[in-house]
Amino acid sequence: MMQKRKRQGKTDYKKRLELLKSGAARLVIRASNKKIMSQVVEYNKGGDKVITSASTGELKEFGWTGATRNIPAGYLLGSLIAKKSKEKKITKVVVDIGRRTPVKKGVVFAVVKGAKDAGLEITADEKAFPDETRIRGEHIQKNTKTTYTKSAHVAMEKIYEEVKSKITGS
């Protein structure tokens, strides 16, 4: 089974071993074409155990109406998974992005920043995190056609702040 997953390019066992040696739970982050998923996973000899999970689709329950695979949604997902993890008494995690190539300032690091800002202890380079303006979605207004108005951007930023406060409880 191990050789098959390695051959198919699904698992990098050398990298996995390094993550497991830390002894901390793993913050597993995966992105599809439409959403971002995150799980906090602990190693178990019989198979990994998922402690908690969240996806950007769940943000709609908090009032999020924006896209589910962008930097603001990733940051909110990080806040949500951190909240769920702390409820399960998980405070320290290591980041597991799988076989994905790490892209500085991308959605994966937005999730990490959201989790770190929400109180999870994560070792990560601050240079890899997206800028605060991108986390709030200001770049979306600048990069879209005229159909996206300034009022729509302000509305999205307001929704972002409301969702963030609902997740964090502040």
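Residue numbers (our numbering): 104 to 273. For each residue, glycine too, the CB sits at the ideal point set by N, CA and C.
If you follow the alpha helix (DSSP H) that residue i is part of, which residue opens it and which one closes it?
i      : result
Lys219 : 210-220
Ile184 : 174-190
Thr236 : 235-238
Hey, how far is the Cα of residue i from the Cα of residue j?
i      : j      : result
Thr204 : Arg133 : 12 Å
Ala221 : Gln106 : 38 Å
Val143 : Ala128 : 6 Å
Lys230 : Lys207 : 8 Å
Gly166 : Asn147 : 36 Å
Lys216 : Thr155 : 18 Å
Glu161 : Val211 : 17 Å
Gly177 : Gly149 : 31 Å
Lys152 : Phe232 : 28 Å
Lys192 : Glu264 : 26 Å
Lys138 : Ser182 : 16 Å
Lys189 : Leu179 : 15 Å
Ser141 : Ser135 : 11 Å
Pro175 : Glu241 : 10 Å
Arg239 : Gly169 : 12 Å
Lys186 : Glu145 : 17 Å
Arg237 : Arg172 : 13 Å
Val197 : Val131 : 9 Å
Lys163 : Gly209 : 22 Å
Could you name the residues that DSSP lists as bridge partners for residue i?
i      : result
Ser268 : Bridge partners of Ser268: none, in fact.
Lys142 : For clarity, residue 142 is Gln in the given sequence; the question names Lys instead. Answer is Val131, Ser156.
Val197 : Arg129
Glu224 : Lys195
Could you check if residue i is buried or exposed, using at least 16 other CB atoms within 10 Å of its CB as the buried criterion?
i      : result
Gly126 : exposed
Lys267 : buried
Asp234 : exposed
Thr159 : buried
Any heavy atom of the ligand COA within a distance shorter than 7 Å of the CB on residue i?
i      : result
Glu190 : No copy of the ligand COA occurs in the structure displayed, which carries no ligand at all.
Nearest chain C C-beta to residue i closer than 8 Å, yes or no?
i      : result
Val131 : The chain labelled as chain C is not found in the depicted structure, where only one protein chain is given.
Report the CB separation of residue i from residue j in whole angstroms; it is logged as a contact under 8 Å.
i      : j      : result
Lys219 : Ala213 : Lys219 to Ala213, Cβ: 11 Å. No contact.
Glu224 : Thr194 : 6 Å
Ile184 : Ala157 : 5 Å
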